[in-house]
Structures are given as C-alpha cells and as structure tokens.
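Colleague:
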Amino acid sequence: MKHLGFLLTAIVVSISPYPVRADDTPEAKPAAEKTAAPDRDTLIKQFEKSMSGATLVGFFTVDGQEAKNGLKEEKYHLKSVKKLKHGDFWQFEYAYGPGGKTISLPLEVKWAGDTPVITLTDVLVPGVGTFTARVLFYRNEYAGTWSASDHGGRLFGKVVPAGGDDTGWIPLFDGKSLAGWHKNPDKIGHGTGGSWTVEDGVLIGQQDPPGSGNGGVLLTDRKFGDFELSIDMKPDWGVDSGVFLRSNDKGQCFQMMVDYHEAGDVGHIYGEGTGGFNNRPFGLVGVYDDQHKLVRISTGPVEDATPEGYSATGEEWLKAWKVGDWNTARVTCVGQPPKITTWLNGVKISEFDGQAFAGKNYDKQKVADQLGAEGSIAVQVHGGKGWPAGAACRWRNIKIRPLSR
3 MKHLGFLLTA
13 IVVSISPYPV
23 RADDTPEAKP
33 AAEKTAAPDR
43 DTLIKQFEKS
53 MSGATLVGFF
63 TVDGQEAKNG
73 LKEEKYHLKS
83 VKKLKHGDFW
93 QFEYAYGPGG
103 KTISLPLEVK
113 WAGDTPVITL
123 TDVLVPGVGT
133 FTARVLFYRN
143 EYAGTWSASD
153 HGGRLFGKVV
163 PAGGDDTGWI
173 PLFDGKSLAG
183 WHKNPDKIGH
193 GTGGSWTVED
203 GVLIGQQDPP
213 GSGNGGVLLT
223 DRKFGDFELS
233 IDMKPDWGVD
243 SGVFLRSNDK
253 GQCFQMMVDY
263 HEAGDVGHIY
273 GEGTGGFNNR
283 PFGLVGVYDD
293 QHKLVRISTG
303 PVEDATPEGY
313 SATGEEWLKA
323 WKVGDWNTAR
333 VTCVGQPPKI
343 TTWLNGVKIS
353 EFDGQAFAGK
363 NYDKQKVADQ
373 LGAEGSIAVQ
383 VHGGKGWPAG
393 AACRWRNIKI
403 RPLSR
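Positions 3 to 407 (this note's numbering) are the ones given, in order, by the sequence shown.
(1) Of the residues 263, 46, 262, 247, which one's Cα is nearest the Cα of residue 256?
(2) With a threshold of 16 other CB atoms inside 10 Å of the CB of residue 307, please say whether the residue is buried or exposed.
(3) Answer yes or no: do residue 150 and residue 133 have a C-beta to C-beta separation smaller than 9 angstroms?
(4) What whole-angstrom Cβ distance do residue 175 and residue 205 have, given they're in contact under 8 angstroms?
(5) I need the DSSP call for residue 329, collapsed to helix, strand or coil.
(6) Just to confirm my understanding: we take residue 261, look at its own chain, exclude 5 residues before and 5 after, and list those with CB closer than 6 angstroms. What are they?
(7) Going by DSSP in three states, residue 64 sits in which element: helix, strand or coil?
(8) What residue range is occupied by the uninterrupted alpha helix (DSSP H) comprising residue 49?
(9) State buried or exposed for residue 312, treating a residue as buried only when at least 16 other CB atoms are found within 10 Å of its CB.
(10) Skipping 5 residues on each side, what residues in its chain have a beta carbon closer than 6 angstroms to that of residue 55?
(11) Can you give me the Cβ contacts of residue 65 inside the same chain, cut-off strictly under 6 angstroms, excluding the 5 residues immediately before and after it?
(12) State the DSSP-derived secondary structure class of residue 369, mapped to helix, strand or coil.
(13) When DSSP labels each residue in this structure, what does residue 302 get in the three-state scheme?
(14) Between which two residues does the beta strand (DSSP E) holding residue 84 run?
(15) Which of the three DSSP states is assigned to residue 97 in this structure?
(16) Once the 5 residues before and after residue 301 are set aside, which same chain residues still bring their CB inside 7 angstroms of it?
(17) So the candidates are 294, 57, 374; which of them puts its Cα closest to the Cα of residue 160?
(18) Nearest by alpha-carbon distance to residue 278: which of 330, 125, 366 is it?
(19) At 3 residues or longer, and completely inside the region 134-175: list those beta strand (DSSP E) runs for me, N to C.
(20) Could you spell out where the alpha helix (DSSP H) holding residue 114 opens and where it closes?
(21) Among 218, 227, 90, 120, which residue has its Cα nearest to the Cα of residue 158?
(22) Indicate the three-state DSSP secondary structure (helix, strand or coil) for residue 321 in the structure shown.
(23) Using a Cβ-Cβ cutoff of less than 6 angstroms, which residues in the same chain neighbour residue 177 once the five nearest sequence positions on both sides are dropped?
(24) State the DSSP-derived secondary structure class of residue 186, mapped to helix, strand or coil.
(25) Could you check where the beta strand (DSSP E) with residue 292 kicks off and where it finishes?
(26) Alpha carbon to alpha carbon, how far is residue 105 from residue 259? Give it in angstroms, no decimals.
(27) Count Cβ pairs between the region 229-243 and the region 326-339 that sit closer than 8 angstroms; are there 3 or more?
(28) By the 10 Å Cβ neighbour count, where 16 or more other Cβ atoms means buried, how is residue 48 classified, buried or exposed?
(29) Which residues bound the beta strand (DSSP E) around residue 207?
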C-alpha cells in the first residue's frame, strides 16, 4: 500500500524535549527539585533545530496484515522544518523514495505539555484518501496510530540527527585531521592551546613545546546541549587532562576529570573555571617498581567530605580501569542544570545532579548563567610544570549522540 508511505511522511515529524536512555532514568524526586520545563518559544526553537536535517527511520503496519506483509523499513530525510507565523502549523520539506523526490507540506503540531504530537483529523490527502492520525515523539523515538475509512494501523521508528548514522551517533573526530575542532582562540589560564596532532587514527595532546607549561584546550566547532558522548582515552601517567562538557572558548565547563596522576581522578566531575567544585570521593595512588615505573594503581581517601550522590567505590574503579591500555568513557549530560552520568569501560562511575548538588563552591544559578544550555565538547592539555615533559594524552573513537529536547 504505497499511499501509507506518503502518509507516514506527512505525520512523522517531531521530537521530545527530554530524551533520556532507559537505564539513565533519574530516580523520582520532589517536584521542587525537578528541572523546569522550557517555555513554548524555547521548545519551538529546539524543535526546528533538531528536526531540520534529521532522518526518520521507521515502519508502519496495517491492522490484520502484519503477518502477511511483515515490516519494511522506510526513511525520510527532513531538509527543513519551520513553524509558520499563524496557528499551530509547521512547514516540512523532506525527501522520500528512491529518487529522493522533495515534498513540502504544512502540518499541524499540538503540544502535550513538553511533547509535540502530530495531529491529523479527517485530512484529505489529494489522490490518496482521507486520514486521521496521532503521532508523538519521545526520547528520539516516535509511535502512533493512523486510520482511513475502512482500515488503519500503527507506525513507529526513530529520529537520526543531522550527520548521524542509523543509531544516531555522530563522529566528532575523523581519525585523519583536526577538521571540526579549534584551539582556544585567546590565551587562557592553561596557555595558548597546546599541541594537537593526529597519528594512526589517534588524537594526541601535549604541551607546546613539551615541558614548557603551555597547554590549552581543543574544542568542537559544533555545540551540544543534551547528549550522550563516547570517547576512548589513553593518558600517560602524570598528565592532568579532562573531557570538557558544555564548554565555552575560555575553557569554562563541566569537566569529566582525566587527572591521571598522584591524588588525581578519572571519571568524576569538576567545575573548570566555574568554581572548582567536584564530587570525587577518592584519589588515585600510584604503585611503582624500583625504577619508579608505574606498575599498578590504588586509591585513597580525599580530605574534603563528598556530598551525597552516586559514585563507584575505589575498588570498583580499579576493576574497571586498564593500566597502560585504552579505556572507553561514556557520558550522558541532560537538563539545565544538567545531570551528568559517567561510565568507564561499562562501569558506572559517577552521577552529578546539577539541580541538587550541595558541594562546596557550587552555585547552580551562577554556573547555569555562565555556561548556558549548550557548549562544545573539548579535551585538555593542562598548563603548568606539573605535566611531565614529553607526556601526552591520547584520544580516539570520539562520537556523540544528541538527545534533543
């Protein structure tokens, strides 16, 4: 039934403001602690930005014919999504079919709180028929129902962001160049930017020149708000680095620490240029051989009391981390102020709740105003003489999955 593909193109066109993976769903909290929903103007802007350039990958069914017809995947590339001046109508321009024919349609979008719903009631599609449908999108997935005069069915699928693959992941590092990245444009506390090179698919950060104390940050040109990030890292022992989240060009951000040195930390959150707050409950302790070469790592307590919130224990961290090898970090950052959750090699390390965190030097409103709701992803070479001469931090397989609001 070819006309169903056309119908799908007419109704599958929205996205939720609060996508969170099922295994990252926050625990229930009192209403006063929940992040306030964006206002309607903000939702509209996010909707336009998220949908323009996205690809819809989905399926539809016809009641009573599921076993006979099976499921056939269909894709629709949205070239442009814009709200019209009057009422609840939006103009959608999209390409569909083998030839990529471009179609432009005005469609009505209603809102159920912060969730958009495509609403068709007895709408005549010229040359096809009259249809009714309700389709909502949430957490980068959509589902709904459709009906015609004597038949109907269901439809469902996912939204792949612009530049992403069918799983929604967008590569940030091509393994060959620094395309899509830039160093801090002005000198900051860590230096003029550091040295960044690419060798055999690996991004290498060092002081510039080695041992000089001159570091800095390398930032993505593109900015992100809510997202899931995956990044492989292999720091030399002694380096002080980090993965910057929602960073500005001054290097102010929420940082996932990669402080791979004595009394350091990898995987917890630090307020870089935003107060110096942190949520780490233990520090790293090196164990050395007779030549003072690192052979393994232990952990020890930190001086300051750690505020309430989830953290892996020191023993769990040690089991997760691979000394002298590549380690994969995964980070989700959702909300404003954000909830940031980190994993190392699949082991959950930390949950930082920017709405409720009560640690020293953290002012949630000041940080929110300073950073805003979006920023770059960045990696750091720390300035100063603490970075061992000739040491480096190495990165690869850097990818992100926007979690559009």
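Think of the CB as a built atom: it goes at the ideal place given N, C-alpha and C, for glycine as much as any other residue.
Modeller: By the coordinates alone:
(1) Along the sequence shown, one-based indexing puts residue 256 at 254. It is 247.
(2) Position 305 of the sequence shown, counted from the start, is the residue given in the question as residue 307. The residue is exposed, with fewer than 16 neighbouring Cβ atoms inside 10 Å.
(3) As a position in the sequence shown, residue 150 is number 148, starting the count at 1. As a position in the sequence shown, residue 133 is number 131, starting the count at 1. For residue 150 and residue 133, yes; Cβs fall inside 9 angstroms.
(4) What you label residue 175 is simply residue 173 of the sequence shown in a count that begins at 1. What you label residue 205 is simply residue 203 of the sequence shown in a count that begins at 1. The pair is a contact, with the Cβ atoms about 6 angstroms apart (cut-off 8 angstroms).
(5) Your numbering for residue 329 matches position 327 in the sequence shown. DSSP places residue 329 in strand when its eight states are reduced to three.
(6) Taking the sequence shown and counting its residues from 1, one reaches residue 261 at position 259. Excluding positions up to five away in sequence, the list reads 242, 267.
(7) Stepping through the sequence shown from its first residue, residue 64 is reached at position 62. Reduced to three states, the DSSP call for residue 64 is coil.
(8) Here residue 49 is taken as the residue at index 47 of the sequence shown, counted from 1. For residue 49, the enclosing alpha helix (DSSP H) begins and ends at 42-53.
(9) Start at 1 with the first residue of the sequence shown, and residue 312 comes out as number 310. Under this definition residue 312 is an exposed residue.
(10) On the sequence shown, position 53 is the one that residue 55 refers to. Annotation for residue 55: 164 place their beta carbon closer than 6 angstroms to its own, counting only its chain and skipping 5 residues before and after.
(11) Taking the sequence shown and counting its residues from 1, the one referred to as residue 65 is at position 63. Counting only Cβ-Cβ distances below 6 angstroms, and skipping sequence neighbours, we find 154, 155.
(12) Taking the first residue of the sequence shown as position 1, residue 369 is located at position 367. It is helical.
(13) Sequence index remark: in the sequence shown, residue 302 carries index 300 (1-based). In the structure shown, residue 302 sits in a strand (DSSP, three-state: E or B).
(14) For the purposes of this step, residue 84 is taken as the residue at position 82 of the sequence shown. Note, residue 84: beta strand (DSSP E), 76-85.
(15) As a first step, residue 97 must be located in the sequence shown, where it is residue number 95. In the displayed model, residue 97 falls within a strand according to three-state DSSP.
(16) Working through the sequence shown from its first residue, we reach residue 301 at position 299. Answer for residue 301: 284, 285, 286, 287, 316, 319, 320, listed in chain order.
(17) For the purposes of this step, residue 160 is identified with residue 158 of the sequence shown, where counting begins at 1. It is 57 whose Cα lies nearest to the Cα of residue 160.
(18) Residue numbering aside, residue 278 sits at position 276 when the sequence shown is read from its first letter. Taking only the C-alpha atoms, the option nearest residue 278 is 366.
(19) Fully enclosed beta strand (DSSP E) runs of 3 or longer: 143-149, 154-162.
(20) Start at 1 with the first residue of the sequence shown, and residue 114 comes out as number 112. Run containing residue 114: none in the alpha helix (DSSP H); it sits in the beta strand (DSSP E), 103-114.
(21) Taking the sequence shown and counting its residues from 1, one reaches residue 158 at position 156. Residue nearest to residue 158 within the set 218, 227, 90, 120 is 120 (criterion: CA-CA distance).
(22) For the purposes of this step, residue 321 is taken as the residue at position 319 of the sequence shown. Under the three-state reduction of DSSP output, residue 321 falls in the helix class.
(23) Indexing the sequence shown from 1 puts residue 177 at position 175. Scanning its chain for C-beta atoms nearer than 6 angstroms, with the 5 sequence neighbours on each side dropped, one finds around residue 177 the residues 203, in chain order.
(24) For this step, residue 186 is matched to residue 184 along the sequence shown. Here residue 186 sits in coil by DSSP.
(25) By 1-based counting over the sequence shown, the position of residue 292 is 290. Neither: residue 292 is in no beta strand (DSSP E) and is coded neither H nor E.
(26) As a working note, residue 259 is residue 257 in the sequence shown. As a working note, residue 105 is residue 103 in the sequence shown. The alpha-carbon separation between residue 259 and residue 105 amounts to approximately 47 angstroms.
(27) Contact between the region 229-243 and the region 326-339 is established, with three or more Cβ pairs separated by less than 8 angstroms.
(28) Locating residue 48 in the sequence shown gives position 46, where the first residue counts as 1. Burial call: buried.
(29) In the sequence shown, residue 207 corresponds to position 205, counting from 1. Residue 207 -> beta strand (DSSP E) spans 204-208.
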